[in-house]
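Everything below concerns the one structure shown next.
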Amino acid sequence: MKHIPVITVDGPSGSGKGTLAARLAEHFGFHLLDSGALYRVVAAAALARGTPLDDGAALAEMAQALNIRFEADGVHVDGVHLEARIREEAVGEGASRVAALPQVRAAIHDLQLSFRQPPGLVADGRDMGTVVFPGADLKIFLEASVEARAQRRYNQLKNKGLSVSLPALLASLQERDERDRGRAVSPLEPAKDAHVIDSTAMDIDAVVSVALQLAAGVGLGKTAQT
Ligand code: C5P
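Per our numbering, the sequence shown runs over residues 1106 to 1331.
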């Protein structure tokens, strides 16, 4: 069977990993897995149905029954476009809670593996390199200081015309980071063989360029389309 290459991009909220993963997927013509969106979908569905965010068994059963599709305009769940809803702060907060439950992680494990299709995959999340794709061809762990990440999120939301408070964003990122790093299952941590990039003082073009050099180093540059 032909090898299907995988690049994993893990890191904390607001590190820029989503943008990096999308840029790499575009560059190589690979599929893209936004695994955080799956946890966000589970949280949004639970909030809509009144399912408690700590009921692992009920959430896992619900997650397995959801029909989740990624389209050009974002995520659709059971035929309903939910992209704007899942990006809300409250849903991100809920996602971090449901993601701490082992039953929920197990329920979406196979769905995540199914994204590995020719010609290749870029997978973005927290445990892509450690748990879901431990044999990935290239593993990147993108860091940035919590202050830089809060400032980026603040600028993004401001640009969308939303009124936000920087101290509140900083506090919420810190809380989510602590939960993601401290949980017993699939904690946020770099894989032993991951390349850690600190993007605190880098713009996204510089990060992409470092990542492309790393990709070339493992022979992925040869399949580039650009
Ligand atoms: O990346 P994003 O902010 O969309 O992820 C939402 C939440 O989902 C994170 O705070 C994290 O708790 C969880 N998550 C996870 N494992 C992943 C991706 C996301 O636990 N692979």
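In this text, a Cβ means the ideal position worked out from N, Cα and C, and glycines have one as well.
Which residue from Ser1277, Pro1110 and Ile1245 puts its Cα closest to that of Tyr1259?
-> Ser1277
Checklist line | Cutoff 7 Å; reference Ala1329; Cβ partners in own chain excluding five residues on either side | finding: Caution is warranted here: a pLDDT of 44 is assigned to Ala1329, below 50, making its placement in the model unreliable, and the coordinate value is therefore given only provisionally. Result list for Ala1329: His1132 and Phe1133, in chain order.
Worksheet entry | Neighbour-count burial assignment, Thr1331, 16 or more Cβ in a 10 Å radius | Residue confidence is low: Thr1331 scores 44 on pLDDT, short of 50, so the model does not pin down where it sits. No coordinate-derived value is stated.
Problem set entry | Cβ-heavy atom distance, Gly1141 to the ligand C5P, below 7 Å | Flag set: Cβ of Gly1141 near the ligand C5P.
Host alpha helix (DSSP H) of Gly1322 (start-end)
Ile1309 to Gly1322
Short Cβ contact (8 Å threshold) for Leu1171 with Val1185: no
- [ ] For my contact list, Leu1293 and Arg1231 are in at a C-beta cut-off of 8 Å; report their separation, rounded to the angstrom.
- [x] 4 Å
Less than 8 Å between the CB atoms is what I'm expecting for Gly1206 and Leu1164, so what's the real figure, rounded? Before going on, a small fix: residue 1206 reads as Leu here, not Gly. The Cβ separation is near 6 Å, so the contact holds.
- Item | Leu1200 beta carbon near the ligand C5P (any heavy atom closer than 7 Å) | The question names Leu, but residue 1200 in the sequence shown is Ala. Yes, Cβ of Ala1200 sits closer than 7 Å to a heavy atom of the ligand C5P.
Assign Val1301 to one of two classes, buried (16 or more other C-beta atoms within 10 Å of its C-beta) or exposed (fewer than that). exposed
In the DSSP assignment, the alpha helix (DSSP H) including Leu1218 goes from what residue to what residue? His1214 to Leu1218 is the extent of the alpha helix (DSSP H) around Leu1218.
Exercise. Any heavy atom of the ligand C5P within a distance shorter than 7 Å of the CB on Gly1230?
Worked result: yes
* To do: Buried or exposed for Arg1281, please, with buried defined as at least 16 other CB atoms from any protein chain shown within 10 angstroms of its CB.
  => Of the residues assessed, Arg1281 falls on the buried side of the cut-off, its CB having 16 or more other CB atoms within 10 angstroms.
Taking contact to mean 3 or more Cβ pairs, one atom from each stretch, closer than 8 Å, check whether the segment 1139-1155 and the segment 1247-1264 are in contact. no
Q) In chain order, what residues of the same chain have a beta carbon less than 7 Å from the beta carbon of Gly1123, not counting five sequence neighbours either side? A) Asp1139 and Asp1229
Margin query: I'd like to confirm something about Arg1145: is its beta-carbon nearer than 7 Å to some heavy atom of the ligand C5P, or not?
Written below: It does: the Cβ of Arg1145 is within 7 Å (strictly closer) of some heavy atom of the ligand C5P.
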